[in-house]
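Here the structure is laid out as structure tokens; the discussion comes afterwards.
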Amino acid sequence: MSAIPLPRTLGYARVSTDSQALAPQVESLKAAGAGQVFRETASGAKRDRAQLTRLLREVRPGDVVLVTRLDRLARSTRDLLNVLGALADKGAAFRSLGDPWADTTSPHGRLMLTVLAGLAEFERELIRARTGEGRARAKAEGRKMGRKPKLTPHQQREARERREEGESITAIARSYAVHHSTISRLCLTPHSKVAAAARVRLF
1 MSAIPLPRTL
11 GYARVSTDSQ
21 ALAPQVESLK
31 AAGAGQVFRE
41 TASGAKRDRA
51 QLTRLLREVR
61 PGDVVLVTRL
71 DRLARSTRDL
81 LNVLGALADK
91 GAAFRSLGDP
101 WADTTSPHGR
111 LMLTVLAGLA
121 EFERELIRAR
131 TGEGRARAKA
141 EGRKMGRKPK
151 LTPHQQREAR
161 ERREEGESIT
171 AIARSYAVHH
181 STISRLCLTP
191 HSKVAAAARV
201 RLF
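Under UniProt numbering, the first residue of the sequence shown carries the number 1, and numbering increases by one thereafter.
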């Protein structure tokens with residue numbers, strides 16, 4: 001029978017800017033008992049965190065994941081809860097050295113994080129309600145919602161005509177300083193097809 005792996009204490013360190021050093025975080029994590037530290041050296045502005053992904057893949061039931069502060073692990077409450085949920089699914093615990101209340105190894109810490117999750121859900125519901133009210137009010141006032149178009153109506157008509165005359169999507173996009181996908185979507189809209197059909201009937 002194979003031996004059951006012993007629980008481990010794993011650390012996660014990350015820098016927010018290129019000028020910061022990982023060494024102080026690593027030292028603190030090792031002093032707190034981390035036998036292995038996953039070190040994220042890419043800037044926090046980047047979405048892909050390869051070492052965090054690796055940690056979540058390798059963590060085992062009974063392991064405890066340490067960070068020096070919560071902002072080393074997550075950029076938002078939702079991000080934090082997603083990571084903690086992934087750890088819980090693996091049967092692992094979490095502890096932040098700089099935030100004593102964020103400790104899923106203790107009943108008090110688990111309670112605090114449950115409250116945090118409830119507050120995050122409440123905040124999402126408020127935002128959803130406000131967004132719905134704003135849309136309803138805008139609709140009642142005859143205002144359009146959504147992102148401002150990258151091209152004016154005149155530019156859209158002009159771009160469609162240029163495309164129908166055989167000019168490449170790349171060339172058209174470059175002339176308006178927009179991505180080629182903007183022109184591709186524009187030329188695939190029903191309005192474009194109707195306009196083209198109308199010209200065929202007229203001529």
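All residues carry an ideal CB built from backbone N, CA and C; glycine is no exception.
If you're wondering where the values come from, they're calculated on a predicted model, not measured in any experiment.
- Where S175 is concerned, the enclosing alpha helix (DSSP H) starts and stops at 169-176.
- Segment contact: the segment 53-65 against the segment 79-95, three or more CB-CB distances shorter than 8 angstroms; contact assigned.
- By the C-beta density criterion, I127 is exposed, having fewer than 16 other C-beta atoms within 10 angstroms.
- In this structure, L10 is the residue among L70, L10, A23 with its C-alpha nearest to the C-alpha of G33.
- 8 angstroms or more divides the Cβ of L97 from the Cβ of S175.
- Comparing alpha carbon positions, the residue from Q156, L22, V59 closest to P5 is V59.
- Looking at the DSSP output, E40 bridges to R14.
- The Cβ-Cβ distance between A120 and T77 falls below 8 angstroms.
- Annotated as proximal: A86 and L56, with beta-carbon spacing under 8 angstroms.
- Bounds of the alpha helix (DSSP H) holding V26 are 23-31.
- Residue state for R130 is assigned as helix, using DSSP reduced to three classes.
- Of the residues D99, R124, E125, the one whose Cα lies closest to the Cα of L113 is D99.
- D63 carries a coil assignment under DSSP once its states are collapsed to helix, strand and coil.
- In the structure shown, D103 falls within a strand segment according to DSSP collapsed to helix, strand and coil.
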